[in-house]
Every structure is written in C-alpha cells, then in structure tokens.
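The structure under discussion appears below in the form of structure tokens.
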Ligand code: SF4
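Residue numbers (the working numbering): 1415 to 1672.
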C-alpha cells in the first residue's frame, strides 16, 4: 500500500548531506537563509519557464520575462544586485543565441512528476525536456552557479538519474541524452543513465525514505563547516570553533583596552 510520505531529490539530498539537517528543515521548520545565489537561481528558472511557456519568443521578450521575475531578496546591497543582474543579462544573451540555433522542440518546461517507488510517493520537477527531429529526447537540468562540474560529477548526479526514471516510468519515453546546462558558461555537459544507475538511485531514495520514517537523524558533523545551520544547530562543530574564535577576539579586545 502506498504511504503518503513524499520523497524527492531535495529531501534525499538534504538527508544525505546530514540526517540532522533534514530534521531541522522538514520537521522543525528551520528556514534555509536566503542568499544572492539562491534568489538568482530562482529568478533564472522562473524567467526561462515564462519565456518558453509563451507563444512568441524573441530576445526582448526573454528580457521582459527576466525583469518580471526579478526580486531583491537575499542580495546584500545595490552593487551586488547590479552585478548579478548584469550577469543574468549576459547569460540570457548567450542563451538566446544558442536557443535560436537548436533544432529541438521544447516539449515541457518545469514538468512535474508524481510516481510510486516502493510504498512511497516520489515527486519532482524537471527543468526542461526537448524532442529532436529524429524522435529522440533530451532531459535538461539548468544550473546557475559559476563553476562548471567535471564530467564525472555529471555522470554520477543523483538528480539526473531520478529524472531519467521519471521519463521512463511516468512520461513513457527513454531519454537518449541527459544534460546539465551551465547557464553562466552557456555550456551543456551530457551524460547517459543506464538501467543499473537508475535502479541504484531509486534504491537510494527508498532507503532514505525508510530512514526518515524510522526517524534516524544522526548528525553528520563532518559537514558542519559548510552547513546553513552551523550557528544554530546544537550538534554543530563549527559553532564551537566560531565561539572559540569569538572568545579569542573578545580576549584580544579586552587586552587592547587595558
Ligand atoms: S550543523 Fe552539522 S550536525 Fe548540524 S545540521 Fe549542519 S551538518 Fe548537521
């Protein structure tokens, strides 16, 4: 019997990062602090969704979608807003040139899926699915960060395996290409997903769901340094280091005054 517990890439990814972080976000409702990169990522995704959902497409329309999607949350100051805005504009200039040259049909943008895996609901949203004139398909995941991944990281990416599963089992086609589109460099890195890789990814999702249902939330303190909650979490190792530095600073300030 299907349980109504929903597992998704975001949940699996949070749990694999640190099970206790999963608990903080999904049980204790801690909010991940919004920053410029998170907001910028949302803006870019929303712009492309609006642009590709429209009937007419031109570079001016793309920029109109960009302006309509823009929001200032998470940016530190006007200078940072200006820099990110221009980065996005440059990104879309290159994107539009490439888009005009592609011979693919864009079948779906922000396509949601809802499947059953084991006894769980398995959900997600795929950025884009294209169809080539020869009838083959490509699944595309947009990334907006500056650093491009190595081929190996794309090959091993769990999210892409989930998308390949959804295409096969929900939408009824086998994607010939699965790609990550690094918009900052206007570069795609392609991979393929074997049935074994897809099965392994789904087993990871089921195993994660089982662990969550069993409330196994052991902290993984090896990640504290790069965790959003390092200053709030009671298990944080980095908080102790930060506090130690704060104590040293306080001592230094105190000595300086004497
Ligand atoms: S601070 Fe460390 S232990 Fe706490 S949630 Fe983050 S990674 Fe896990």
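Even glycine gets a Cβ: it sits at the ideal position worked out from N, Cα and C.
Assigned exposure category for residue 1560 - 16 Cβ within 10 Å defines buried:
Taking the chain shown and counting its residues from 1, one reaches residue 1560 at position 146. So residue 1560 counts as exposed.
Of the choices 1533, 1501, 1546, whose alpha-carbon is the least far from that of residue 1515?
Translated into the one-based positions of the chain shown, residue 1515 becomes position 101. When each option's Cα is compared against that of residue 1515, the closest is 1546.
Roughly how many angstroms separate the alpha carbons of residue 1555 and residue 1526, rounded to a whole number?
For the purposes of this step, residue 1555 is taken as the residue at position 141 of the chain shown. For the purposes of this step, residue 1526 is taken as the residue at position 112 of the chain shown. The straight-line gap from Cα to Cα measures roughly 13 Å.
Given that a residue counts as buried once 16 or more other Cβ atoms are within 10 Å of its Cβ, and exposed if not, what is residue 1448?
Here residue 1448 is taken as the residue at index 34 of the chain shown, counted from 1. Exposed, by the Cβ-count rule.
Euclidean distance between Cα positions of residue 1443 and residue 1548
The residue given as residue 1443 occupies position 29 in the chain shown. The residue given as residue 1548 occupies position 134 in the chain shown. Straight across, the Cα-Cα distance linking residue 1443 with residue 1548 is about 47 Å.
Inter-residue spacing [alpha-carbon to alpha-carbon] between residue 1541 and residue 1524
Counted from its first residue, the chain shown places residue 1541 at position 127. Counted from its first residue, the chain shown places residue 1524 at position 110. Going from the Cα of residue 1541 to the Cα of residue 1524 covers about 5 Å.
When 1533, 1624, 1480, 1490 are compared against residue 1504, the one with the closest alpha-carbon:
Translated into positions along the chain shown, residue 1504 becomes position 90. Ranking the options by Cα distance to residue 1504, first place goes to 1480.
How about residue 1634: is its Cβ closer than 7 Å to a heavy atom in the ligand FAD?
Looking for the ligand FAD in the displayed structure turns up nothing; the ligands present are the ligand SF4.
Host beta strand (DSSP E) of residue 1538 (start-end):
Residue 1538 sits at position 124 when you count from the first residue of the chain shown. That run of the beta strand (DSSP E) goes 1534 to 1545.
Pick out whichever of 1611, 1643, 1652, 1499 has its Cα sitting closest to the Cα of residue 1428.
For the purposes of this step, residue 1428 is identified with residue 14 of the chain shown, where counting begins at 1. That would be 1643, whose Cα lies nearest to the Cα of residue 1428.
For the ligand SF4, any of its heavy atoms closer than 7 Å to the Cβ of residue 1434?
Translated into positions along the chain shown, residue 1434 becomes position 20. Taken from the Cβ of residue 1434, at least one heavy atom of the ligand SF4 lies inside 7 Å.
Taking the alpha carbon of residue 1482 as the point to measure from, which residue in 1458, 1437, 1602, 1495 has its own alpha carbon closest?
Counted from its first residue, the chain shown places residue 1482 at position 68. The residue from 1458, 1437, 1602, 1495 with its alpha-carbon nearest to that of residue 1482 is 1458.
List the endpoints of the continuous alpha helix (DSSP H) containing residue 1460.
Along the chain shown, read from residue 1 onward, the residue named residue 1460 stands at position 46. Its alpha helix (DSSP H) spans residues 1450 to 1467.
Run through the DSSP bridge pairs and tell me what residue 1650 is partnered with.
Within the chain shown, the letter at position 236 stands for residue 1650. Residue 1650 is bridged by DSSP to nothing; it lacks a bridge partner.
Please classify residue 1636 as buried or exposed, where buried requires at least 16 neighbouring CB atoms within 10 angstroms.
The residue you call residue 1636 lines up with position 222 of the chain shown. Classification of residue 1636: exposed, given that the 10 Å Cβ count is below 16.
What number of angstroms, rounded off, separates the C-alpha of residue 1414 from the C-alpha of residue 1579?
Outside the shown range of the chain (1415 to 1672) lies residue 1414, about which nothing can therefore be said.
At a cut-off of 7 Å, would you count residue 1462 as near the ligand SF4, judging by its Cβ distance to the nearest heavy atom?
Position 48 of the chain shown, counted from the first residue, corresponds to residue 1462. Residue 1462 Cβ: outside cutoff for every heavy atom of the ligand SF4.
Which residues in the same chain as residue 1509 place their Cβ atom closer than 7 Å to its Cβ, once the five residues preceding and following it in sequence are excluded?
The count along the chain shown starts at 1 and reaches residue 1509 at position 95. So the qualifying residues of the chain are 1597, 1600.
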